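For reference, the structure is listed below as structure tokens.
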Amino acid sequence: QKEVEQDPGPLSVPEGAIVSLNCTYSNSAFQYFMWYRQYSRKGPELLMYTYSSGNKEDGRFTAQVDKSSKYISLFIRDSQPSDSATYLCAMSAQGGSEKLVFGKGTKLTVNP
Amino acid sequence: DTGVSQNPRHKITKRGQNVTFRCDPISEHNRLYWYRQTLGQGPEFLTYFQNEAQLEKSGLLSDRFSAERPKGSFSTLEIQRTEQGDSAMYLCASSPRPGGSYEQYFGPGTRLTVT
Numbered sequence: 060q061k062e063v064e065q066d067p068g069p070l071s072v073p074e075g076a077i078v079s080l081n082c083t084y085s086n087s088a089f090q091y092f093m094w095y096r097q098y099s100r101k102g103p104e105l106l107m108y109t110y111s112s113g114n115k116e117d118g119r120f121t122a123q124v125d126k127s128s129k130y131i132s133l134f135i136r137d138s139q140p141s142d143s144a145t146y147l148c149a150m151s152a153q154g155g156s157e158k159l160v161f162g163k164g165t166k167l168t169v170n171p
Numbered sequence: 025d026t027g028v029s030q031n032p033r034h035k036i037t038k039r040g041q042n043v044t045f046r047c048d049p050i051s052e053h054n055r056l057y058w059y060r061q062t063l064g065q066g067p068e069f070l071t072y073f074q075n076e077a078q079l080e081k082s083g084l085l086s087d088r089f090s091a092e093r094p095k096g097s098f099s100t101l102e103i104q105r106t107e108q109g110d111s112a113m114y115l116c117a118s119s120p121r122p123g124g125s126y127e128q129y130f131g132p133g134t135r136l137t138v139t
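These protein sequence lines map, in sequence, to chains A and B.
Taking this note's numbering, the leading residue of the first sequence gets 60, the next gets one more, and so forth.
Taking this note's numbering, the leading residue of the second sequence gets 25, the next gets one more, and so forth.
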């Protein structure tokens with residue numbers, strides 16, 4: 060079992076839909092949770108960063124962390140065609156390298 | 025542009041050749057990370073530096089891989105005697121840790137193709 064599991068999709072939605080992206084993890088030491096957006100053949104772009112449990116909102120994006128269930132989510136409201144990309148969840152433990160452990164990524168297409 | 029930069033963006037090489045990639049982190053970021061990403065997968069950790077010290081290299085795939093950050097600023101990743109299995113995107117990230125926030129910011133990557 061991988062430390063971080065993420066459904067690779069693909070996920071296709073109409074413009075304006077609410078998108079829900081999820082990851083589960085097995086390492087209870089993870090404390091820091093991030094979502095990255097990656098366009099084809101580009102580097103990952105940091106979207107959201109959350110420490111421990113709770114919610115964080117930034118514009119159309121909301122990140123949720125449930126440490127008791129080892130489950131994190133990213134919601135995108137009023138999705139736009141420009142949101143079409145691969146979304147990667149990533150997490151790290153405190154101390155040491157604090158290296159990021161990534162999910163496989165979910166490929167999202169928003170259709171106009 | 026004050027983001028992470030990587031050069032070259034794309035490298036095509038023949039099997040058996042050596043290649044070197046360069047990463048320039050965000051100014052004053054102490055930590056620099058190297059990751060590797062293959063098609064359909066998330067990035068995987070290779071090694072990281074805090075200033076000029078290489079503190080972990082558990083992800084380096086073999087002794088053909090090496091990295092340096094001689095003055096605590098830019099870093100290079102070298103692959104010797106390349107193999108077709110080395111074809112991947114090599115990503116660099118920087119972070120203001122320790123002391124700063126935990127976010128890591130990625131560069132555009134260097135795409136390596138070994139023929």
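The beta-carbon is built from N, C-alpha and C at its ideal position, and this holds for glycine as well.
These numbers come from a predicted model, not from an experiment.
Relative to the C-alpha of residue i, which candidate in the options has its C-alpha closest?
{"i": "Phe45(B)", "options": "Leu79(B), Arg93(B), Glu102(B) and Glu80(B)", "result": "Glu102(B)"}
{"i": "Tyr110(A)", "options": "Thr165(A), Asp66(A), Pro69(A) and Met150(A)", "result": "Met150(A)"}
{"i": "Gly96(B)", "options": "Arg39(B), Phe73(B) and Arg121(B)", "result": "Phe73(B)"}
{"i": "Thr134(B)", "options": "Arg121(B), Gln128(B) and Ser111(B)", "result": "Ser111(B)"}
{"i": "Lys61(A)", "options": "Leu147(A), Pro171(A) and Lys163(A)", "result": "Lys163(A)"}
Taking the Cβ atom as the reference point for each residue, do residue i and residue j lie within a distance shorter than 9 Å?
{"i": "Ile135(A)", "j": "Asp142(A)", "result": "yes"}
{"i": "Glu68(B)", "j": "Tyr59(B)", "result": "yes"}
{"i": "Gly68(A)", "j": "Asp137(A)", "result": "no"}
{"i": "Thr168(A)", "j": "Val72(A)", "result": "yes"}
{"i": "Met93(A)", "j": "Leu105(A)", "result": "yes"}
{"i": "Gln123(A)", "j": "Ser132(A)", "result": "yes"}
{"i": "Thr139(B)", "j": "Val43(B)", "result": "no"}
{"i": "Lys166(A)", "j": "Ala152(A)", "result": "no"}
{"i": "Tyr130(A)", "j": "Thr83(A)", "result": "yes"}
In the DSSP output, which residue or residues are listed as bridge partners for residue i?
{"i": "Val63(A)", "result": "Tyr84(A)"}
{"i": "Glu102(B)", "result": "Thr44(B) and Ser90(B)"}
{"i": "Thr26(B)", "result": "Its beta-bridge partners do not exist; DSSP assigns none."}
{"i": "Ser119(B)", "result": "Arg55(B)"}
Assuming the contact rule is C-beta atoms closer than 8 Å, residue i and residue j should be a hit. Round their C-beta distance to whole Å, please.
{"i": "Phe130(B)", "j": "Val28(B)", "result": "6 Å"}
{"i": "Gln78(B)", "j": "Thr71(B)", "result": "6 Å"}
{"i": "Arg93(B)", "j": "Glu157(A)", "result": "With a Cβ gap of about 17 Å, Arg93(B) and Glu157(A) do not count as contacting."}
*Report the residue ranges of all beta strand (DSSP E) runs contained in full by the stretch 69-157 of chain A; include only those spanning at least 3 residues, in chain order.*
You should have 70-73, 78-84, 89-97, 104-110, 113-117, 120-125, 130-135 and 144-152.
*Residue ranges of each beta strand (DSSP E) run of no fewer than 3 residues wholly in the stretch 41-96 of chain B, ordered along the chain?*
You should have 43-48, 55-61, 68-74, 77-80 and 89-92.
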